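Colleague:
Residue numbers (this note's numbering): 82 to 394.
Spelled out as structure tokens, the structure:
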């Protein structure tokens, strides 16, 4: 029997300041996320970021939290079930979050209890970055290294150029492009500090490839779309152009209606549902724009479920 571990970034256990603080502490203490001197990172996280960001992030989570819980966790669990059903009885599928729960350790423990003969690990990050893909792989091997018996392990590569991944986003977005007739389309990816790119992360290059490949599938003309980066933290330079500033610049140029893809996320989460569909939309409306429409993420779209199954097979 083959064990499949689907790994995503993580989520707080509740939309409360206490739970969000606990989650952010684990996340931002990762040296792959904030790659500075450990003492400086400790002081920055403990005394500057957590006291102010935790209550603000908790309020943001409250806007998108569902009766079932965290949007990211619910959608990742739904993907797990769909993939397991599609793969059949020769596979067992579990999820593990790099931060928060269910953890990578708990997911691996469930797989080992099923006595799987081999393991395949799929980090659910389309584009590769040390702070996401690298951190998830490092944590997996840290946990696996404590096992007495380790079955053969395969880490599946980033899928930014996978036909099924690109086709899935195009299939979801095409009806919205045709219906909304936006003045401009954004492909908004999660940002990274520029220093991460300078250290060799291929993330920005892979993001550009993904955006252009989806645009080609949709028949978008040059100049009708932009590639931008969101979710920056702190004052150091991050990859540009920034999503929020680009939207406002486009409004000042006379554009009113926008459609936003977020192809660095395979499940809708805080960064798509709150940051894009609520916060950035409100900013655009306040500046004189008319609409910002979020293209839903892949979630459990049938083509995406099929693609995940193909990747792990």
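Glycine included, each C-beta is placed from N, C-alpha and C at the ideal position. Bear in mind that the values here come from a model prediction, so they are computed numbers and not experimental data.
Does the contact criterion of 3 or more C-beta pairs under 8 angstroms hold for the region 356-367 versus the region 309-326?
Modeller: The answer is yes - the region 309-326 touches the region 356-367, with three or more Cβ pairs under 8 angstroms.
Colleague: When the Cα atoms are used, what is the spatial distance from residue 365 to residue 142?
Modeller: Indexing the chain shown from 1 puts residue 365 at position 284. Indexing the chain shown from 1 puts residue 142 at position 61. Going from the Cα of residue 365 to the Cα of residue 142 covers about 21 angstroms.
Colleague: Which of helix, strand or coil does DSSP assign to residue 286?
Modeller: By 1-based counting over the chain shown, the position of residue 286 is 205. In this structure, residue 286 counts as helix in the three-state DSSP scheme.
Colleague: Can you list, in chain order, the residues of its chain with a C-beta nearer than 8 angstroms to that of residue 355? Leave out the 5 residues immediately preceding and following it.
Modeller: Within the chain shown, residue 355 is the residue found at index 274, counting from 1. These residues qualify, in order along the chain: 141, 142, 144, 145.
Colleague: If the criterion is Cβ atoms closer than 8 angstroms, does the pair residue 207 and residue 238 meet it?
Modeller: Against the chain shown, residue 207 aligns to sequence position 126. Against the chain shown, residue 238 aligns to sequence position 157. For residue 207 and residue 238, no; Cβs fall outside 8 angstroms.
Colleague: Rounded to a whole number of angstroms, what is the C-alpha to C-alpha distance between residue 395 and residue 177?
Modeller: With the chain covering only 82 through 394, there is no way to say anything about residue 395.
Colleague: Look up residue 146 in the DSSP assignment and say whether it is helix, strand or coil.
Modeller: If you number the chain shown from 1, residue 146 lands on position 65. Coil, per DSSP.
Colleague: Flag residue 155 as yes if its beta-carbon sits less than 8 angstroms from any beta-carbon of chain D, otherwise no.
Modeller: Given the protein chain composition of this structure (a single chain), no chain D is represented.
Colleague: Does the distance from the CB of residue 152 to the CB of residue 98 come in under 8 angstroms?
Modeller: On the chain shown, residue 152 is found 71 positions in, with the first residue counted as 1. On the chain shown, residue 98 is found 17 positions in, with the first residue counted as 1. Not in contact: residue 152 and residue 98 (Cβ atoms no closer than 8 angstroms).
Colleague: Pick helix, strand or coil for residue 413, following the three-state DSSP scheme.
Modeller: It is not possible to answer for residue 413, since the shown part of the chain is limited to 82 through 394.
Colleague: Along the beta strand (DSSP E) that carries residue 123, what are the first and last residues, could you check?
Modeller: In the chain shown, residue 123 corresponds to position 42, counting from 1. Here residue 123 belongs to no beta strand (DSSP E); instead the alpha helix (DSSP H) covers 119-124.
Colleague: Pick out the complete alpha helix (DSSP H) segments inside the region 143-184, 4 residues or longer, and give them in chain order.
Modeller: Within the region 143-184, the complete alpha helix (DSSP H) runs of at least 4 residues are 152-168.
Colleague: Indicate the three-state DSSP secondary structure (helix, strand or coil) for residue 206 in the structure shown.
Modeller: Position 125 of the chain shown holds residue 206. In the structure shown, residue 206 sits in coil (DSSP, three-state: anything other than H, G, I, E or B).
Colleague: What do you get for residue 304, buried or exposed, if any count of 16 or more other CB atoms within 10 angstroms of its CB means buried?
Modeller: Here residue 304 refers to the residue found at position 223 of the chain shown. Exposed.
Colleague: Indicate the three-state DSSP secondary structure (helix, strand or coil) for residue 352 in the structure shown.
Modeller: On the chain shown, position 271 is the one that residue 352 refers to. Three-state DSSP puts residue 352 in a helix.
Colleague: Secondary structure at residue 343, three-state DSSP: helix, strand or coil?
Modeller: For the purposes of this step, residue 343 is taken as residue 262 along the chain shown, with counting starting at 1. In the structure shown, residue 343 sits in coil (DSSP, three-state: anything other than H, G, I, E or B).
Colleague: Would residue 128 be called buried (16 or more neighbouring beta carbons within 10 Å of its own) or exposed?
Modeller: Numbered from its first residue, the chain shown carries residue 128 at position 47. It is exposed - the Cβ of residue 128 has fewer than 16 other Cβ atoms within 10 Å.
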